[in-house]
Structures are given as C-alpha cells and as structure tokens.
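Residues in the sequence shown are numbered from 1228 upward in steps of one, following the working numbering.
Using N, Cα and C, we set each Cβ at its ideal position, and we do this for glycine too.
Have a look at the structure below before the remarks.
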Amino acid sequence: MALVNAGVVVLDCAEPERLAEFYKGLLGAEESDVSANRIEIEGPRGFRMAFRRDVNATPPSWPRPENSLQVH
1228 MALVNAGVVV LDCAEPERLA EFYKGLLGAE ESDVSANRIE IEGPRGFRMA
1278 FRRDVNATPP SWPRPENSLQ VH
C-alpha cells in the first residue's frame, strides 16, 4: 500500500491558539511557526499542522454543503 506524505494540514478556526494547544497535547507536538493569525505545530515524526484564524469560521455542517471547507 502506498503512503501519502502531506506537507502540512491547515485547519481554519476562530481560535487557533486553543486548537493548537489541543493538538500539541494530542500529538506530543511543538510550535514551529507562530504569527498573529496562524500557528504551525510539528510532531515528533515530522507531521505538521497549521491553524489559521478565520473570524468568520463556522462549525462544519455535514452533510450539508454549506461551510464545508474546513481543512486545506
């Protein structure tokens, strides 16, 4: 089975600080890049996630298509 190596997974959210703290604890990750509107973390095996501030962020509305773009 082939594996995909993603560069970075980006989540849009209203509060990137809170979401980054959650995923840091879950993955044992550390902050690798921080700005006013974006926080990037990197796990011990190189997995990277970024949390981008979106002041208009709304929770996903699955299965409806509205507000469906949450991850890049």
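Residue environment, residue i, which counts as buried when at least 16 other CB atoms sit within 10 Å
| i | result |
| --- | --- |
| M1228 | exposed |
| A1241 | exposed |
| A1277 | buried |
| D1239 | buried |
| E1258 | exposed |
DSSP state of residue i mapped onto helix, strand, coil
| i | result |
| --- | --- |
| A1277 | strand |
| L1230 | coil |
| E1242 | coil |
Inter-residue CB distance, residue i and residue j (contact presumed, cutoff 8 angstroms)
| i | j | result |
| --- | --- | --- |
| V1235 | R1275 | 4 angstroms |
| R1245 | N1264 | Not quite, the Cβ-Cβ distance comes to about 14 angstroms (not below 8 angstroms), so this is no contact. |
| G1270 | G1252 | So it is not a contact: roughly 11 angstroms between Cβ atoms. |
DSSP beta-bridge partners of residue i
| i | result |
| --- | --- |
| R1265 | S1262, R1279 |
| E1248 | Paired residues: none, contrary to the question. |
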